[in-house]
Structure formats: C-alpha cells, structure tokens
Amino acid sequence: MYGKGLRTLSIATVLVMGAAATLTFFYAPLDADQGVIQKIFYLHVPLAIVALCGFIAGGVFAIQQLRTGGREWDMRSYVAIHLSLVLAVGALITGSIWARASWGHWWEWNEPVLVSFLIVFLLYCCYQPLRFSISDPERQARYASVFAVAAGAFVPINFAAVRMATAHVHPRVFGTTTGGMPTRMWETFLVALLGMALLFITLWKTELTAKSSREQLNRLRRRLAPETDEAAPPLAGHEAEQPPTEPVPAH
Amino acid sequence: MTLRAALAILRKDLAIELRTRQSVPAMVLFSVTVFVLFHFGLDRDELDGPLASGVLWVTLLLATVLAVNRLFASEREDGALEGILLAPIDRTSVYLAKAAALFLYLVVFELVALPAFAILLLGPNLLDAFPALLAILLLADVGLAALGALVAGLAAETRARDLIVPLLLLPLLVPLLISAAKASQPLLALQPRAHELGKWLGFLALYDLVFVLLAVAVFDFLLED
Amino acid sequence: MAALAFASTGGRYVAAAYAVFLVLVLIWVAIMASKIARTERELTELNDLADKRPAP
Numbered sequence: 616m617y618g619k620g621l622r623t624l625s626i627a628t629v630l631v632m633g634a635a636a637t638l639t640f641f642y643a644p645l646d647a648d649q650g651v652i653q654k655i656f657y658l659h660v661p662l663a664i665v666a667l668c669g670f671i672a673g674g675v676f677a678i679q680q681l682r683t684g685g686r687e688w689d690m691r692s693y694v695a696i697h698l699s700l701v702l703a704v705g706a707l708i709t710g711s712i713w714a715r716a717s718w719g720h721w722w723e724w725n726e727p728v729l730v731s732f733l734i735v736f737l738l739y740c741c742y743q744p745l746r747f748s749i750s751d752p753e754r755q756a757r758y759a760s761v762f763a764v765a766a767g768a769f770v771p772i773n774f775a776a777v778r779m780a781t782a783h784v785h786p787r788v789f790g791t792t793t794g795g796m797p798t799r800m801w802e803t804f805l806v807a808l809l810g811m812a813l814l815f816i817t818l819w820k821t822e823l824t825a826k827s828s829r830e831q832l833n834r835l836r837r838r839l840a841p842e843t844d845e846a847a848p849p850l851a852g853h854e855a856e857q858p859p860t861e862p863v864p865a866h
Numbered sequence: 010m011t012l013r014a015a016l017a018i019l020r021k022d023l024a025i026e027l028r029t030r031q032s033v034p035a036m037v038l039f040s041v042t043v044f045v046l047f048h049f050g051l052d053r054d055e056l057d058g059p060l061a062s063g064v065l066w067v068t069l070l071l072a073t074v075l076a077v078n079r080l081f082a083s084e085r086e087d088g089a090l091e092g093i094l095l096a097p098i099d100r101t102s103v104y105l106a107k108a109a110a111l112f113l114y115l116v117v118f119e120l121v122a123l124p125a126f127a128i129l130l131l132g133p134n135l136l137d138a139f140p141a142l143l144a145i146l147l148l149a150d151v152g153l154a155a156l157g158a159l160v161a162g163l164a165a166e167t168r169a170r171d172l173i174v175p176l177l178l179l180p181l182l183v184p185l186l187i188s189a190a191k192a193s194q195p196l197l198a199l200q201p202r203a204h205e206l207g208k209w210l211g212f213l214a215l216y217d218l219v220f221v222l223l224a225v226a227v228f229d230f231l232l233e234d
Numbered sequence: 002m003a004a005l006a007f008a009s010t011g012g013r014y015v016a017a018a019y020a021v022f023l024v025l026v027l028i029w030v031a032i033m034a035s036k037i038a039r040t041e042r043e044l045t046e047l048n049d050l051a052d053k054r055p056a057p
C-alpha cells in the first residue's frame with residue numbers, strides 16, 4: 616500500500632519547501648561575489664544531490680528486484696529512476712541558467728556538477744528505450760534492473776572522475792569573500808535539501824500509488840471479466856493509449 | 010567449471026575470429042579512417058599533448074563500440090545462443106569468455122592502430138611514451154572489455170541493438186576516457202613526461218575492479234530464457 | 002529585500018530558474034492527473050460491469 620502516510624508526507628513537503636523558499640529570499644545573506652544570482656544554488660544543488668541519490672536508490676531497488684524477482688521492486692526502481700531523470704534535467708537547466716548569469720555563457724565545462732549530470736543524463740536517457748525494446752515483461756524487468764545497477768554504480772564513479780578532471784578556477788559555490796560558508800547560508804541550504812528530498816519521496820510514493828492502483832484495477836478486471844484475460848503487462852511499452860511518462864523538456 | 014566453460018567459449022570465438030577475420034580488421038580500418046577524418050576535421054598534420062591524447066582515445070573507444078556490436082554475433086546466427094543457454098554452465102562463463110575475447114581483440118587491434126596513429130598524426134615519438142602508455146592501455150583495455158561485454162549482453166536480445174550499444178556504452182566509458190586521456194596527455198607532449206600518472210592509473214584500476222565485479226555478479230540475470 | 006532582488010537582471014535569472022522548477026513539477030502533476038483520470042474511468046466501467054452481473 617503506497618498511499619499510506621502519503622498525506623502526512625505531502626503536508627511535510629509543502630511546509631519544508633515553503634520554509635526553504637522563505638529562508639532563501641528573506642533569511643540567507645546575499646553572497647559577496649555573486650549577489651542575488653547565488654540564490655539559484657539553493658535550487659540547483661538540492662536538485663542535483665537528490666537526483667544523484669535517486670539514481671543510486673534506483674540501483675539498490677534494482678538489486679532487490681534481481682534477488683527476489685517480481686514487480687514490486689521493479690516498479691520502485693523504475694519510478695525512482697524516471698523521477699531522478701526529471702530532477703537531473705532540472706539540475707542541468709538551473710545549472711545552465713546559473714552559468715549564464717554568473718559567467719555569461721550557457722554552459723561551463725569547469726563546473727563538475729553540470730558536466731557529470733550531462734553524462735548521467737545521456738546514460739539514463741537510454742533506460743526507457745531499453746525497456747521499450749523488450750516486450751516480455753519479466754525479461755524487461757530483469758534487463759532494466761541490470762542496467763539500473765550498472766548505472767547506479769556508475770553515477771558516483773563518474774562524479775569522481777569529472778571532479779578529478781576539472782580545473783578549479785571558478786569561485787566556489789559556497790562562500791563569501793571571507794571564505795567558508797556563513798551559518799545562515801548553510802541552514803538555508805540544509806532546509807532546501809530536506810525539502811527537495813521530501814518532494815522526491817512524495818512524488819515517488821504518489822506515482823507508485825497511481826501505478827499500484829492501476830495494477831489493482833487490472834487484477835479486478837481479470838477477475839470480473841476473465842474473457843479479457845491479460846497477464847500483467849510490462850511497465851513500458853504495453854498500452855498505446857497510456858499517456859507517455861514525463862517528457863524530457865528540450866533544452 | 011566456470012573457467013573451463015569460459016575457456017571453451019573463448020576458444021570458439023577466437024577460432025571464428027581467426028577464420029572470418031571480421032572484428033579486428035574492421036576495427037583497424039575504422040580507426041585509420043577516423044585518423045584521416047581527424048586530420049581533415051582538425052586541419053592538422055601533427056598532434057601532440059592533449060589533442061593527440063584525445064584523438065587517440067576517442068578513436069579507440071569508437072572502435073570498441075564496433076567490436077561490441079559484433080560480440081554476440083556468432084551466437085545470434087543460427088540460434089547458437091539457445092544452444093549455449095541449454096548447456097549446464099553459468100552465464101558468467103559466457104561473460105568471462107566474451108570479455109576475454111574483446112580484450113584480446115583490443116590488444117591485437119592496438120598493436121596496429123598505435124603505430125598507424127604514430128605515423129599519421131602523432132608529432133612526438135610514440136616510443137617515448139612507453140612503458141607508461143603500455144600500463145594505461147592495458148588497464149583501459151580491461152575496462153573496455155569488461156563494460157563492452159556487459160553492454161553487449163544487455164543489448165544482445167533487444168531490437169534496436171546497434172543503436173542501444175553506443176548510447177549505453179559511451180557514457181559508461183566516460184570515466185575511463187577521462188583517466189586514460191589525462192594520463193596520456195603529458196606522455197604524448199612535445200617533451201614527454203609522466204604527470205599524475207599514479208593517480209589516473211589508480212582510478213582506472215578502481216574503475217576496472219568495480220565494473221568487473223559488478224558485471225560478474227549481474228550477468229547471470231541476462232541471457233536467461 | 003526580496004523585491005529588490007527580483008528587479009535586477011540577476012534577479013530575472015533566479016526567477017527563471019525557479020520558474021523552470023515549478024514548470025517541471027506542474028508537468029508531472031498534469032501527467033499524473035491524466036493517469037488517475039484514466040484509472041477512474043476504467044474503475045467506473047468495471048463497476049458498471051459488476052452491476053450488470055447477477056450477485057455472486
């Protein structure tokens with residue numbers, strides 16, 4: 616039952632994100648170097664961190680799927696990955712806006728977070744097509760899980776490699792001219808991070824509730840109208856009328 | 010048992026490759042063509058340092074994609090894959106065999122591609138880059154083979170196979186490319202020297218270890234019926 | 002303080018970033034909404050189907 620506790624969770628999310636927004640604009644001090652532009656970072660970095668964790672969580676759920684078989688873990692993995700992809704797109708776009716605002720161009724190779732996310736994004740873009748290309752539901756789940764595990768392991772390694780390869784010429788994300796991050800910025804950042812994490816979990820649970828409802832509905836249909844008996848369809852590529860999962864915004 | 014089965018499959022693959030001579034010559038031809046493309050694309054007669062390192066490694070990576078696409082080719086034809094799956098062996102032995110085969114193809118291919126690169130595009134003397142370059146190549150080949158065989162397995166029975174392989178494999182290889190290229194840059198410079206070699210070799214080794222272990226753990230779930 | 006922030010060009014970039022985030026979340030809501038609507042529709046159909054049958 617995915618819906619359990621969903622209401623409390625969503626209320627908590629609203630409160631924390633509201634607090635984060637308030638803190639960002641009314642509490643956190645203005646950055647000495649970048650001024651108001653630095654405020655983007657309270658959005659961009661939480662997006663990036665939560666997306667990263669989401670991809671890794673997708674990999675962990677995938678391991679469980681491989682070990683125990685069955686749909687439950689596969690659904691959790693699938694939703695975690697597809698939500699993280701959306702957040703990754705958000706991280707890329709907000710990062711790009713920040714680069715443009717700070718340094719005048721829309722892309723910045725010297726920003727390891729941005730570059731890592733571009734690579735991770737390119738990789739996970741193949742997740743859905745890979746699923747779509749396998750019609751057998753059980754095999755689709757298995758292959759998707761293998762991909763999710765490999766990709767989940769890849770994410771931190773990639774981050775490390777890009778970081779190691781990047782020259783540190785740009786001003787640090789955190790800090791004023793006095794160096795180090797002032798407490799108020801840290802507090803705001805932590806609240807923003809918490810809010811983003813709660814948002815992710817809320818969206819994840821909500822989507823799983825919707826999916827699980829569909830599964831229950833299909834089961835009910837099979838019991839009431841056994842003539843239209845269909846085995847549990849794969850998560851990707853089954854029903855043509857199904858609205859596509861969240862389109863990746865072009866950028 | 011697993012190793013014996015792996016060796017048997019490996020021997021079969023090598024025998025086929027020796028007889029049909031498909032993968033390795035194609036890789037060589039491809040890489041020489043790409044060197045020519047780079048000559049015209051970059052409008053340069055000679056490369057050194059980061060540019061040389063980049064051209065060399067990108068070409069090696071793309072040639073690997075070529076080989077990966079064909080890695081399970083002999084199994085797909087005539088339904089040989091079902092035959093292997095029916096045998097009482099781990100899928101892991103299939104993986105080990107394919108990875109070993111790919112590694113050997115890469116080594117042989119590089120024996121030709123590197124001199125070609127030195128002749129066509131490289132400014133400084135290639136031999137000055139050795140033996141450090143050898144270490145980088147070997148470690149990189151392990152990584153290329155490990156990931157190539159894994160992705161080949163993932164894509165072996167999907168429909169849009171030749172599209173999925175590069176799209177999946179190349180991003181996964183980015184850390185490998187970063188380390189290999191960064192390590193090779195100073196070796197291929199006009200004044201060759203080793204700089205931060207240990208750091209990048211260490212990273213490559215870690216990358217190889219993680220993905221070999223991962224692939225071995227996970228490959229059993231692929232190719233199942 | 003917040004009003005001053007948005008007046009500058011820097012402020013416009015910040016607003017753009019937050020707008021992108023909002024749009025992404027709203028797109029997700031829209032897609033989720035259509036999925037739920039479809040589930041509701043099919044549940045109604047199923048209920049009608051069950052009504053038509055004799056009580057088990």
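Protein chains in written order, with our numbering: chain W, 616 to 866; chain Z, 10 to 234; chain P, 2 to 57.
Note that beta-carbon positions come from the ideal geometry of N, C-alpha and C, so glycine has one too.
These figures come from a predicted structure and were not determined experimentally.
Can you list, in chain order, the residues of its chain with a C-beta nearer than 6 Å to that of residue i? Leave out the 5 residues immediately preceding and following it.
i      : result
W/S625 : T817
P/R39  : none
W/L638 : T803, V806
Z/P195 : R202, H204
Z/T73  : L153, G157
Z/L213 : L148, S188
W/E822 : V694
Z/Y89  : Looking at the sequence provided, one finds Ala at residue 89 of chain Z rather than Tyr. So no residue of the chain qualifies.
W/S827 : Y617
W/P849 : P752, Q755
Z/V221 : A155
Can you list the residues of chain Z that residue i reaches, using a CB-CB cut of under 9 Å?
i      : result
W/I772 : P184, F212, L215, Y216, V219, F220
W/V777 : V183, P184, I187
W/R757 : F230, L231, E233
Contact criterion: CB-CB distance below 8 Å. Does residue i meet it with respect to chain A?
i      : result
Z/K191 : Annotation note: the requested chain A is absent from the structure, which comprises protein chains W, Z and P.
Output, in chain order, the set of chain P residues within a Cβ distance shorter than 8 Å of residue i.
i      : result
W/T709 : A18, V21, F22
Run through chain W and tell me which residues come within less than 8 Å of residue i, C-beta to C-beta.
i      : result
Z/V227 : L681, V761, V764, A765
Z/L223 : V764, A765, A768
Against residue i, what residues of chain P qualify as contacts under a CB-to-CB distance less than 7 Å, listed in chain order?
i      : result
W/K867 : The structure shown does not extend to residue 867 of chain W, since chain W spans only 616 to 866, so no value can be given for it.
W/A634 : By Cβ distance, chain P contributes nothing, its closest Cβ being about 15 Å from W/A634, past 7 Å.
By the criterion of Cβ-Cβ separation under 7 Å, what are the contact partners of residue i in chain W?
i      : result
Z/P180 : I734, L737, L738
Z/L176 : C741
For residue i, collect the residues of the same chain with a Cβ closer than 7 Å to its Cβ; drop the 5 residues on either side in sequence, then sort them by chain order.
i      : result
W/F581 : Limits of chain W in this structure are 616 at one end and 866 at the other, which puts residue 581 of chain W out of reach.
W/W819 : V694, A695, L698
W/P786 : At W/P786, the pLDDT of 49 sits below 50, so the modelled position is not reliable; the number obtained from the coordinates is stated separately. Excluding residues within five positions, the ones whose Cβ falls inside 7 Å are D648.
Z/L142 : S193, L196
Z/L231 : R100, G162, L163
W/M811 : P661, L662, V665
Z/L75  : A35, M36, F39
Considering only residues of the same chain and omitting the five flanking positions on each side of residue i, which have a CB-CB separation below 8 Å?
i      : result
Z/D229 : D99, R100, T101
Z/E320 : Residue 320 of chain Z falls outside the range modelled here, since chain Z spans only 10 to 234, and no answer is possible.
W/V764 : G674, A677, I678, L681
W/I671 : G767, V770, P771
W/W713 : I652, I655, F656, H659
Z/V174 : V74, V77, N78, V160, A161, A164
Would you say residue i touches the ligand MN, meaning its beta carbon is less than 7 Å from a heavy atom?
i      : result
Z/V174 : Of ligands this structure carries none, so the ligand MN is not represented either.
List, in order along the chain, the chain Z residues whose C-beta lies closer than 7 Å to that of residue i?
i      : result
W/I614 : Outside the shown range of chain W, which is 616 to 866, sits residue 614 of chain W, and nothing can be said about it.
Kindly list, in the order they appear in chain W, the residues whose Cβ is closer than 9 Å to that of residue i.
i      : result
Z/I173 : C741, P744, L745, S748
Could you list which residues in chain P have their beta carbon closer than 9 Å to that of residue i, in chain order?
i      : result
W/T628 : Near W/T628 there are no residues of chain P at all, since even the closest Cβ is about 11 Å away, more than 9 Å.
W/A840 : L47, L50
Worksheet item: Can you find at least 3 beta carbon pairs, one from the stretch 93-104 of chain Z and one from the stretch 59-74 of chain Z, that sit closer than 8 Å?
Response: no
Worksheet entry | Complete alpha helix (DSSP H) runs within the stretch 124-194 of chain Z (minimum length 4 residues, chain order) | 141-164
Worksheet entry | 4 or more residues per run - each alpha helix (DSSP H) lying fully within the stretch 803-853 of chain W | none
Item to complete: Could you name the residues of the stretch 711-731 of chain W whose beta carbon sits closer than 8 Å to any beta carbon of chain P, in the order they occur along the chain?
Response: I712, W713, R715, A716
Practice prompt. May I ask you to list, following chain order, the residues of the stretch 157-170 of chain Z that have a beta carbon less than 9 Å from some beta carbon of chain W?
Written response: L159, V160, G162, L163, A164, E166, T167, R168, A169, R170
Discussion item. Assess contact between the stretch 80-91 of chain Z and the stretch 116-132 of chain Z, defined as three or more Cβ pairs (one per stretch) separated by less than 8 Å. Is contact present?
Written reply: no
Practice prompt. Kindly confirm or deny that the stretch 743-757 of chain W and the stretch 647-661 of chain W touch, where touching means at least three C-beta pairs closer than 8 Å.
Written response: no
Worksheet entry | Contact list for the stretch 38-52 of chain P against chain W, Cβ threshold 7 Å | T40, E43, L44, L47, L50, A51
Item to complete: Return the chain-ordered ranges of every alpha helix (DSSP H) run that is complete within the stretch 645-709 of chain W and spans a minimum of 4 residues.
Response: 656-683
Discussion item. Is it the case that the stretch 770-779 of chain W contacts the stretch 182-190 of chain Z, given that we only count it when at least three CB pairs across the two stretches are under 8 Å?
Written reply: yes
Worksheet item: Which residues, taken in chain order from the stretch 794-815 of chain W, show a beta carbon closer than 9 Å to some beta carbon of chain Z?
Response: none
Discussion item. Extract the residue ranges of the alpha helix (DSSP H) inside the stretch 49-131 of chain Z, only unbroken runs of 4 or more that lie entirely within it.
Written reply: 58-78, 82-85, 89-95, 100-129
Worksheet item: With contact counted as at least three CB pairs below 8 Å, one residue from each stretch, are the stretch 700-707 of chain W and the stretch 728-736 of chain W in contact?
Response: yes
Worksheet item: So, do the stretch 708-723 of chain W and the stretch 659-668 of chain W have three or more beta carbon pairs nearer to each other than 8 Å?
Response: yes
Discussion item. To be precise: take each residue of the stretch 641-670 of chain W, compare its Cβ to all Cβ atoms of chain Z, and keep it if any distance is under 8 Å. Which residues remain?
Written reply: none
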